[in-house]
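> Supplied in structure tokens, the structure appears directly below.
Chains as they are written, first to last, in our numbering: chain A, 1 to 347; chain B, 1001 to 1347; chain C, 2001 to 2347.
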């Protein structure tokens, strides 16, 4: 994709400073941009790069003040960060969207596939599957019997959907992700062995959900494991059976949620966090990375940290004393010895 | 599957209270059950739902006492939890078991496959593989040269077995799981780089093992990485080279076991636990979630917690003081100041 | 592969003690070796096995002194550990290297594949892919448009490369690994929902890199996520967008590196470690397992531990006091009570 600074300025409804004919060939980061690059500057930390960057065009905030003259053409906009996101979309959209059904594929007789869907080679679609308009299913996907995939959703290569999984509109699911595998349910027997508890439920994913690579979401024992609208899951996340993740909650990589736990809406959850099973997390909770959440959180909008997790600022205070523990112990020992000495002296 | 309350009661050998003709179409959780549903009630926590559930039939303990009349038909059994597991099995078994070999597949000339096995499309079976009776290999599996899969085992879609992997009877392995990948072994060189140590061993999985989705089990450097009978592994678990997991041990999701560590029988291991390499864990050990086990555990049947892990109840006491550390420091500071004051006064 | 003790001794340039005709059929661990096995002994911990092993041949250090006569034939070498690594290579190389293109595969018209490459069945190679000499791409791989794979690299079964991924020479990538998936980037909107920030960059992997099973490496937002030469990544590792891992750094399983973090050269990083985003880690840093690295590390060659991580030996001291916290609290309480008593007495 090639575009001039003037054309881009018109799209972004900004103000141009410099030559409208300057050619843009690609977006780049300001610190390593070269000729043809368009960059954005929103974080003041990166301001020094404005004077040294090799970029051809810079998208900056209207209010940005520069103390030296700049080499790049400037496009001033009300919100440079937001403008750049939409600019990236423009460049991203140029990849040709594939259409049609490649061969070989396995498509069961009873599967219904919208005429404009893309089905990549080596994908397996079982009986009674329903695939909506504009859906892209890349190669090597497995779509079990009775699954539904609603309009505009993309499954990247190598996504596995166990039977009866339901996926909403405009979702994006990355490679290596497994949805609908059996929940981890075993009944202990008298001899110490375990009997498998059949997992008969399914997974329900609502609209506008994005799921990273190598994520696993287990089917419910009965009923549904549910991922609500707008949820964003990073890579390597584990969602156990009968869990529910509330709308517009984001979870960073390698976090695990144990069975039947319900996480509220608009939560922000760091990476490598663990949740025990059968608890409820209030809306807008923020959980710091590597925390272990062992109890329900009932107060909305609070931040938590630690393993086991407790209130965020209190946990930072404990962390800070923790580093100091050897000194603290020494001070205490000194007091104890003085006590002994006092006793000997005054006793 | 449709069944009447009377028929189900006969199967469970229970006592019926209500109409034997009540139709059951599916099992459900008591809190969200509707018409046609059969539910179970074992946990007293869920007792209130008995009076409000929309279920048609409830399986309850013989001894259960209700203070109000209930809408659902009751089936009373000695152990409602156990009865429900077998009931779920009944409903689970109704999915038609696939048979035969779908096309296209790659099956090497020297592979031996039982006549009643199911081999899904796009599965790759290399030379000298042996696949037993009643085995199901779903689509997109890769079975390397010389692997054996014993009778009644199921490989879900997208399971990768490196050469010479041996899997026992009645195992279930979920999608995205990789068995037999090279162990992480590299010899440091004088210049700071690493030379790969070839990994020539294999993975041996005994009978009745269930392995979750996106699990990795590395082949031994020499000899075998071994998963003993009845082991249950949850999703995203990492088992390094030359590890051995004892019979009937269960491990929750995202746990990692480093090289050459041997875990005993009948252990229960939480999620996100880490084990260092070359240690031995005694039988019936219980390790709490997120623990870091850095030393061998020699006493059987004990519980452990923390990172590094130590005795469970002691670790809970340390956790409890940890939360209190800022106050503890303050108290100590007060004593130290008083000491200074005393010194100034009496000194 | 069969070889005599004499032949092996010549290859290793060692000194033989015993019959040169002794037949070797396989390498094994000294503690469970049988007839035909060759073992090595380098770690003094394993010395007792020298007297009991069933092995036919032992590779030992020149300087090793035995107090009893041994059953196995001995090959004495200057460095038994190094010799054994090269011996394992010999046995490992006997697996026939596959060549040619199996069917069915999908290879786009514009893809360029070296004549001696191996492309396994069910592999998908999109437009403008370039595959070098001696490359092995096992079955079920997905190679997105514009990827390049340099000479001598191996992709095991089920590796997914998103478009424009570039992989260097002599790399090994294990099954289930996903390279180039979208970074986890979302712009928060006024209503609490998130808008996807397009991820337009790619992943660049240099030479001699080994990547374990079920690893995910996300593409950069713009520019490159970079894995430098000689890096070794264990299973289940998550590398976020715009990360850079320095040359010859090794990372153990289940570790996660957040976006834009740069890790130096020759680092050693344990398993289950987490790095926050946008930090820099100095060369030759050593990070203990399960640590949480929340700040940049500027001093080279130091060891770190804990979550949040701090200097290694200091963290061990804090860990040690942590275990002792209940006693420490009790001692403090005693002092406080005595203070109260003293006050009452003397006040």
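We treat Cβ as the ideally placed atom computed from N, Cα and C, and that holds for glycine.
Note that the coordinates shown come from a computational prediction; the quantities given were computed from them, not determined experimentally.
Report the option in B:1065, B:1084, B:1077 whose CA atom is closest to the CA atom of residue 1030 of chain B.
Stepping through the second chain from its first residue, residue 1030 of chain B is reached at position 30. When each option's Cα is compared against that of residue 1030 of chain B, the closest is B:1084.
> Would you please verify whether the beta carbon of residue 1016 of chain B is less than 8 Å from any beta carbon of chain A?
By one-based count along the second chain, residue 1016 of chain B stands at place 16. Not an interface residue.
> Thinking C-beta only, is residue 77 of chain A closer than 8 Å to residue 55 of chain A?
Locating residue 55 of chain A in the first chain gives position 55, counting from the first residue. Locating residue 77 of chain A in the first chain gives position 77, counting from the first residue. Cβ atoms of residue 55 of chain A and residue 77 of chain A: not closer than 8 Å.
> Which of helix, strand or coil does DSSP assign to residue 2151 of chain C?
The residue given as residue 2151 of chain C occupies position 151 in the third chain. Residue state, collapsed to three classes: coil.
> Which whole runs of the beta strand (DSSP E) in the segment 257-317 of chain A are 3 residues long or more, in chain order?
303-305, all fully within the segment 257-317 of chain A.
> Does the beta carbon of residue 1182 of chain B sit closer than 8 Å to a beta carbon anywhere in chain C?
Taking the second chain and counting its residues from 1, the one referred to as residue 1182 of chain B is at position 182. Taking Cβ atoms only, chain C reaches closer than 8 Å to residue 1182 of chain B, which makes this a yes.
> Give the interface partners of residue 2187 of chain C over in chain A, defined as CB-CB distance under 8 Å, in chain order.
Mapped onto the third chain, residue 2187 of chain C falls at position 187. The answer, in chain order, is 81, 82, 85.
> For residue 2309 of chain C and chain A, any beta-carbon pair shorter than 8 Å?
One-based indexing of the third chain puts residue 2309 of chain C at position 309. For residue 2309 of chain C, the answer is no, since every Cβ of chain A falls outside 8 Å of its Cβ.
> What do you reckon, are the CB atoms on residue 235 of chain A and residue 2255 of chain C nearer than 8 Å?
Here residue 235 of chain A refers to the residue found at position 235 of the first chain. Here residue 2255 of chain C refers to the residue found at position 255 of the third chain. Taking 8 Å as the Cβ cut-off, residue 235 of chain A and residue 2255 of chain C do not qualify as a contacting pair.
> On the DSSP letters alone, give me the boundaries of the beta strand (DSSP E) that residue 2226 of chain C sits inside.
Within the third chain, the letter at position 226 stands for residue 2226 of chain C. Looking at the DSSP string, the run of the beta strand (DSSP E) that includes residue 2226 of chain C is 2224-2227.
> Please list the residues of the segment 1312-1342 of chain B that have a C-beta atom closer than 9 Å to any C-beta atom in chain A, keeping them in chain order.
If the cut-off is 9 Å between Cβ atoms, the segment 1312-1342 of chain B has 1319, 1322, 1323, 1324, 1325, 1326, 1328, 1329, 1332, 1333, 1335, 1336, 1339 near chain A.
> Does chain C have any CB closer than 8 Å to the CB of residue 1164 of chain B?
Locating residue 1164 of chain B in the second chain gives position 164, where the first residue counts as 1. Not closer than 8 Å to any Cβ of chain C, the Cβ of residue 1164 of chain B fails to qualify, so no.
> So which residues of chain C does residue 1254 of chain B contact, with C-beta pairs closer than 9 Å?
As a first step, residue 1254 of chain B must be located in the second chain, where it is residue number 254. Here the neighbours are 2236, 2254, 2272.
> Taking the C-alpha atoms as reference points, what is the distance between residue 264 of chain A and residue 113 of chain A?
In the first chain, counting from the first residue as 1, residue 264 of chain A sits at position 264. In the first chain, counting from the first residue as 1, residue 113 of chain A sits at position 113. Taking the straight line from one Cα to the other gives about 34 Å.
> In whole angstroms, what separates the C-alpha of residue 2165 of chain C from that of residue 2203 of chain C?
Numbered from 1 along the third chain, position 165 holds the residue referred to as residue 2165 of chain C. Numbered from 1 along the third chain, position 203 holds the residue referred to as residue 2203 of chain C. Each residue's alpha carbon lies about 5 Å from the other.
> Determine which residues share a DSSP beta bridge with residue 210 of chain A and list them.
The residue labelled residue 210 of chain A in the question sits at position 210 within the first chain. Note: residue 210 of chain A sits in a beta bridge opposite A:172, A:232.
> Using a Cβ-Cβ cut-off of 6 Å (strictly less than) and excluding sequence neighbours within five positions of residue 2177 of chain C, which residues of its own chain qualify?
Along the third chain, read from residue 1 onward, the residue named residue 2177 of chain C stands at position 177. These residues qualify, in order along the chain: 2159, 2211, 2215.
> According to DSSP, simplified to helix, strand and coil, what is residue 130 of chain A?
By 1-based counting over the first chain, the position of residue 130 of chain A is 130. Three-state result, residue 130 of chain A: strand.
> What is the DSSP secondary structure of residue 6 of chain A, reduced to helix, strand or coil?
For the purposes of this step, residue 6 of chain A is taken as residue 6 along the first chain, with counting starting at 1. If DSSP states are grouped into helix, strand and coil, residue 6 of chain A belongs with the helices.
> Span of the beta strand (DSSP E) holding residue 37 of chain A?
As a working mapping, residue 37 of chain A is identified with position 37 in the first chain. Looking at the DSSP string, the run of the beta strand (DSSP E) that includes residue 37 of chain A is 37-41.
> Determine the extent of the alpha helix (DSSP H) in which residue 1080 of chain B is found, giving its start and end residues.
Here the question's residue 1080 of chain B lines up with position 80 in the second chain. Residues 1080-1092.
> Could you give the distance in angstroms between the alpha-carbon of residue 1129 of chain B and the alpha-carbon of residue 2008 of chain C?
Position 129 of the second chain, counting from 1, holds the residue named residue 1129 of chain B. Position 8 of the third chain, counting from 1, holds the residue named residue 2008 of chain C. Straight-line Cα distance between these residues: approximately 31 Å.
> State the Cα-Cα distance for the pair residue 1133 of chain B and residue 2140 of chain C, rounded to the nearest angstrom.
As a position in the second chain, residue 1133 of chain B is number 133, starting the count at 1. As a position in the third chain, residue 2140 of chain C is number 140, starting the count at 1. Distance between the alpha carbons of residue 1133 of chain B and residue 2140 of chain C: 26 Å.
> Write down the C-beta distance between residue 2326 of chain C and residue 1318 of chain B rounded to the nearest angstrom, noting that I regard them as a contact closer than 8 Å.
Along the third chain, one-based indexing puts residue 2326 of chain C at 326. Along the second chain, one-based indexing puts residue 1318 of chain B at 318. Between residue 1318 of chain B and residue 2326 of chain C the Cβ distance is about 6 Å, and since that is below 8 Å, they are a contact.
> Residues of chain C with CB under 7 Å from residue 230 of chain A, in chain order?
For this step, residue 230 of chain A is matched to residue 230 along the first chain. Within chain C, the residues near residue 230 of chain A are 2193, 2194.
> Counting only Cβ pairs nearer than 7 Å, list the residues of chain A close to residue 1116 of chain B.
The residue you call residue 1116 of chain B lines up with position 116 of the second chain. The contacting residues do not exist; residue 1116 of chain B stays about 20 Å from chain A at best.
> Confirm, please, whether the CB-CB distance from residue 2073 of chain C to residue 2022 of chain C is below 8 Å.
Here residue 2022 of chain C refers to the residue found at position 22 of the third chain. Here residue 2073 of chain C refers to the residue found at position 73 of the third chain. Their beta carbons are under 8 Å apart, which means residue 2022 of chain C touches residue 2073 of chain C by this criterion.
> Among A:262, A:14, A:35, whose alpha-carbon lies nearest the alpha-carbon of residue 63 of chain A?
Mapped onto the first chain, residue 63 of chain A falls at position 63. Comparing Cα-Cα distances from residue 63 of chain A to each of A:262, A:14, A:35, the minimum goes to A:14.
> Excluding the 5 residues flanking residue 1187 of chain B on each side, which residues of the same chain have their C-beta closer than 6 Å to its C-beta?
Mapped onto the second chain, residue 1187 of chain B falls at position 187. Closer than 6 Å at the Cβ level, and outside the excluded window around residue 1187 of chain B, lie 1195, 1197.
> Alpha carbon to alpha carbon, how far is residue 138 of chain A from residue 1092 of chain B? Give it in angstroms, no decimals.
Stepping through the second chain from its first residue, residue 1092 of chain B is reached at position 92. Stepping through the first chain from its first residue, residue 138 of chain A is reached at position 138. Distance between the alpha carbons of residue 1092 of chain B and residue 138 of chain A: 30 Å.
> Applying the 10 Å Cβ sphere with the 16-neighbour rule, what's the burial state of residue 1320 of chain B?
Taking the first residue of the second chain as 1, we reach residue 1320 of chain B at position 320. It counts as exposed.
> So residue 1262 of chain B and residue 1244 of chain B are in contact, right, with Cβ under 8 Å, and what is the actual spacing, rounded?
Position 262 of the second chain, counted from the start, is the residue given in the question as residue 1262 of chain B. Position 244 of the second chain, counted from the start, is the residue given in the question as residue 1244 of chain B. About 5 Å separates the two Cβ atoms, so the contact holds.
> Taking Cβ to Cβ, would you say residue 1259 of chain B is nearer than 8 Å to residue 1183 of chain B?
By one-based count along the second chain, residue 1259 of chain B stands at place 259. By one-based count along the second chain, residue 1183 of chain B stands at place 183. Yes.
> Which same chain residues, not among the five before or five after residue 315 of chain A, have their C-beta less than 7 Å away from its C-beta?
In the first chain, residue 315 of chain A corresponds to position 315, counting from 1. If we look at residue 315 of chain A and ignore the five residues flanking it on each side, its Cβ neighbours are 305, 306.
> Could you say which of B:1040, B:1018, B:1090 lies nearest to residue 1002 of chain B if we only look at CA atoms?
Counting from 1 along the second chain, the entry for residue 1002 of chain B is found at position 2. Out of B:1040, B:1018, B:1090, B:1090 has the C-alpha closest to the C-alpha of residue 1002 of chain B.
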